[in-house]
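Taking it in order: structure first as structure tokens, then the write-up.
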Amino acid sequence: MEQQQDLLKDIISHSKEYGFIFPSSEIYDGLAATYDYGQLGVELKNNIKTYWWKAMVQMHTNIVGIDSSIFMHPTIWKASGHVDAFNDPLIDNKDSKKRYRADVLIEEHIEKIKVKIEKEVDKGKLKFGEAFNEVEFRQTNPNVLRNATKITDIESRFKETLSNDDLEGVRQLIIDLEIACPISGTKNWTDVRQFNLMFSTEMGSVAGEASTIYLRPETAQGIFVNFLNVQKSGRMKIPFGIAQIGKAFRNEIVARQFIFRMREFEQMEMQFFVEPGEEIAWYNNWKIAREKWHKALNLGDANYRFHDHVKLAHYANAACDIEFNFPMGFKELEGIHSRTDFDLKQHETFSGKKLQYFDTNTNKSYVPYVVETSLGLDRMFLSILSASYKNETLEDGSSRIVLTIPPALAPYKVAILPLLKKDGLPEKSREIMKELQFDFSIQYDEKDSIGKRYRRQDAIGTPYAITIDHQSLEDNTVTIRDRDTMEQERVDLSTIRNFLLEKTGWNSLLLNQ
Ligand code: ATP
């Protein structure tokens, strides 16, 4: 864990040093939980968006995208339940004066017990070697069973208190579990209070209740209120989906984990409209599809796990998270929710407009059910950085920092490096660059020794580097260096474009989805 926390620190400073992410408003000492994406960050971010958009929209004939506005009619947030129920339970430690989310304290406690179970299983593996039967071990080992029961008990008590809005019960659970503040180490807790996460502001020049509007806390509602517009104008037939990428804002109580939890962030959401009764089958389909999308990145399959929700949100009849093994441990990366017909029905009630689909086969209208996939773009960014950041010791004893970012997502696909800054090598290099720059983002670098330049490209995750030397002038060959293996190969210039397309193009990620 200690080591993992160091990894987060390393990633934060590396991100700043190379222009991926800067603290927002830094010259004014920053603004809590807001960050700016720098020159490399914006490239990686755009590539993640493109990967998502291609997989969700381009590759599905029945999914289209929209871009709705951030400001929306305030009644939308009444209808969606956000005005009344978009709260987090907060609790303060009286000694450290630090504020926490009560639900997160309990979830982290559960996570510690899970870690104990996994340790016990690992011990079993070591002890029994080849003969180890993991399933049986999990079902019979007394320590595993005791801890598993503990988890079930906590989860059911937690679920009960939350669904009864029993905040005193939540506090009592924290006390009974003897959860201590990580800063002060004490168990001196205040009452638990609910805190609404929506930012509000005023529209127009007249202040007052009627003009209060909210910054959207999720992009989904922009999709719901446009359901009929898209369905009619696009002549969409159910099942169909609407996708959107955009900013969302939440006044998070605790925002201490870099871009994992920000007050302004970006979401990539897709609402899939289905016939009532078919939602669970579609929910399961989307779970599989989204898992494939993540795993195609090759960040390590063991870094992902599903977590089924204990307490379903008021609108859901099934929900899970895809969790990623971040430097802070396994945490939510993406949510997949079967939202029933809750949202569309609410908007029908509050707007007085029908939001129904007319099925030409049965000649009947109905309010569709919705399965949603909701991914945080910034969390996706952090998952890629944390799995890609490596501090390697090389055979000659030297070391390098390399970001093994999936090539299709890397900010630059290739670096063009003239071996020397003379003898016509820069001119030849620029010629090559001109030919490739329509298709690839390229970095040109002629400063410092070639070794130093390779290190710089490793540190920003450029998958390939082309070096132009004197021989290149004679026979049109160059060397191409692979970031991960550091191997170099001399190839004919005419092969480069296809090579790069194959290795860094979208096919490499989308082919098997
Ligand atoms: P958490 O439990 O971590 O607060 P959530 O369950 O409230 O997250 P959702 O409402 O399901 O999150 O939002 C969908 C996705 O948006 C999340 O899976 C996450 O990737 C992203 N997200 C939510 N809140 C934030 C935030 N404050 N900063 C960055 N990304 C966020």
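Residue numbers for the sequence shown, in this note's numbering: 912 to 1424. Heads up, the beta-carbon is just placed ideally off N, CA and C, and yes, glycines get one too.
Presumed contact (8 Å Cβ cut-off) between residue i and residue j, rounded CB distance
i	j	result
aspartate 1219	phenylalanine 1135	In fact, because the Cβ distance is near 24 Å, the residues do not count as touching under 8 Å.
isoleucine 1153	arginine 1201	The Cβ separation is near 16 Å, so there is no contact.
lysine 1008	leucine 1288	No, lysine 1008 and leucine 1288 are not in contact; Cβ-Cβ is about 33 Å, not under 8 Å.
leucine 1244	leucine 1305	Not a contact, Cβ separation roughly 32 Å.
lysine 1025	isoleucine 977	Not a contact, Cβ separation roughly 39 Å.
phenylalanine 1043	lysine 1034	About 10 Å separates the two Cβ atoms, so there is no contact after all.
threonine 1388	glutamine 1382	6 Å
leucine 1433	arginine 1392	In the structure displayed, the chain extends from 912 to 1424; residue 1433 sits before or after that span and is not available.
isoleucine 1149	glutamate 1177	So it is not a contact: roughly 28 Å between Cβ atoms.
arginine 1394	glutamine 1368	7 Å
tyrosine 946	serine 936	Rounded, the Cβ-Cβ distance is 10 Å, inconsistent with contact.
threonine 1251	glutamate 1189	With a Cβ gap of about 12 Å, threonine 1251 and glutamate 1189 do not count as contacting.
lysine 1070	valine 1282	23 Å between Cβ atoms; not a contact.
tryptophan 1197	alanine 966	Contact doesn't hold; Cβ gap of about 12 Å is too wide.
aspartate 1006	serine 924	No, aspartate 1006 and serine 924 are not in contact; Cβ-Cβ is about 31 Å, not under 8 Å.
Residue i - partner residues in DSSP beta bridges
i	result
alanine 1229	Ser1249
tryptophan 1100	Asn1004
tyrosine 1300	Leu1314
tyrosine 1323	The partner list for tyrosine 1323 (beta bridge, DSSP) is empty, contrary to what the question assumes.
tyrosine 948	Ile932
aspartate 1403	Thr1388
tyrosine 1215	Phe1235
tyrosine 1268	Tyr1277
tyrosine 1011	Ile1002
asparagine 1107	Asn998
glutamate 1243	Glu1234
aspartate 1393	Tyr1375
threonine 1112	Ile1124
glycine 1287	Gln1178
Option in the options with minimal Cα separation from residue i
i	options	result
tryptophan 964	Met1179, Ser1095 and Met1109	Met1179
lysine 920	Leu1320, Gly1416, Met1239 and Asp1369	Met1239
lysine 1027	Lys1008, Asn1052, Gly1308 and Tyr1355	Asn1052
leucine 1384	Ile1343, Lys1339 and Tyr1355	Lys1339
tyrosine 929	Leu1411, Ile1312 and Lys1358	Ile1312
phenylalanine 1110	Ser1144, Lys1158 and Trp1100	Lys1158
threonine 1284	Gly941, Glu954 and Ser1249	Ser1249
threonine 1123	Leu1314, Ile987 and Ala943	Ile987
glutamine 1168	Ser936, Ala943 and Asn1423	Ala943
phenylalanine 1261	Lys1242, Gly992, Leu1293 and Phe933	Gly992
alanine 1321	Tyr962, Pro934, Phe933 and Asp947	Tyr962
phenylalanine 931	Ser1309, Ile1343, Thr1396 and Ile1371	Ile1371
leucine 1331	Ser1360, Lys1023, Asp1395 and Thr1315	Ser1360
methionine 1181	Phe1043, Glu1045, Asn1228 and Val968	Val968
alanine 1166	Glu1398, Arg1010, Val975 and Asp1369	Arg1010
lysine 1143	Val975, Ile1343 and Gln1105	Val975
isoleucine 1227	Tyr1194, Tyr1215 and Asp1087	Here the sequence assigns alanine to residue 1227, which means isoleucine is not the residue at that position. If we check each option's Cα against that of alanine 1227, Tyr1194 comes out closest.
asparagine 1186	Asn1214, Phe1151, Asp1087 and Phe1171	Note on residue identity: the sequence assigns glutamate, not asparagine, to residue 1186. If we check each option's Cα against that of glutamate 1186, Phe1151 comes out closest.
glutamate 1398	Lys1206, Ile1379, Pro1317 and Tyr1365	Tyr1365
Proximity test, residue i beta-carbon vs the ligand ATP heavy atom, cut-off 7 Å
i	result
serine 935	no
glutamate 1022	no
glutamate 1243	yes
glutamate 1163	yes
methionine 878	Here the chain covers residues 912 to 1424 and nothing more, so residue 878 does not appear.
aspartate 1254	no
serine 1285	yes
arginine 1290	yes
glutamate 1234	no
glycine 952	no
phenylalanine 1106	no
phenylalanine 1176	yes
glycine 930	no
glutamate 1129	yes
glycine 1246	yes
Answer yes if the stretch 1231-1245 comes into contact with the stretch 1270-1277, meaning at least three C-beta pairs across the two stretches below 8 Å, and no otherwise.
no
For the stretch 1416-1423 and the stretch 1330-1338, state whether three or more C-beta atom pairs, one from each stretch, are separated by less than 8 Å.
no
I want to know whether the stretch 988-1005 touches the stretch 1075-1094 - three or more CB-CB distances under 8 Å.
yes
Could you check whether the stretch 1260-1268 touches the stretch 1138-1154, counting it as contact only if at least three pairs of C-beta atoms, one from each stretch, sit closer than 8 Å?
yes
So, does the stretch 1057-1072 touch the stretch 1011-1028, judging by three or more C-beta pairs under 8 Å?
yes
Are the stretch 1340-1360 and the stretch 1312-1331 touching, with three or more C-beta to C-beta distances below 8 Å?
Touching, yes, given that three or more Cβ pairs across the two stretches are closer than 8 Å.
At least three beta-carbon pairs within less than 8 Å, the stretch 1208-1225 to the stretch 1290-1307
yes
Specify whether the stretch 1394-1408 and the stretch 976-988 touch according to this definition: at least 3 beta carbon pairs, one from each stretch, less than 8 Å apart.
no
Decide if the stretch 1120-1133 is in contact with the stretch 939-957; the criterion is three or more beta carbon pairs, one per stretch, under 8 Å apart.
no
Taking three-plus beta-carbon pairs below 8 Å as touching, is the stretch 1101-1115 in contact with the stretch 1160-1167?
yes
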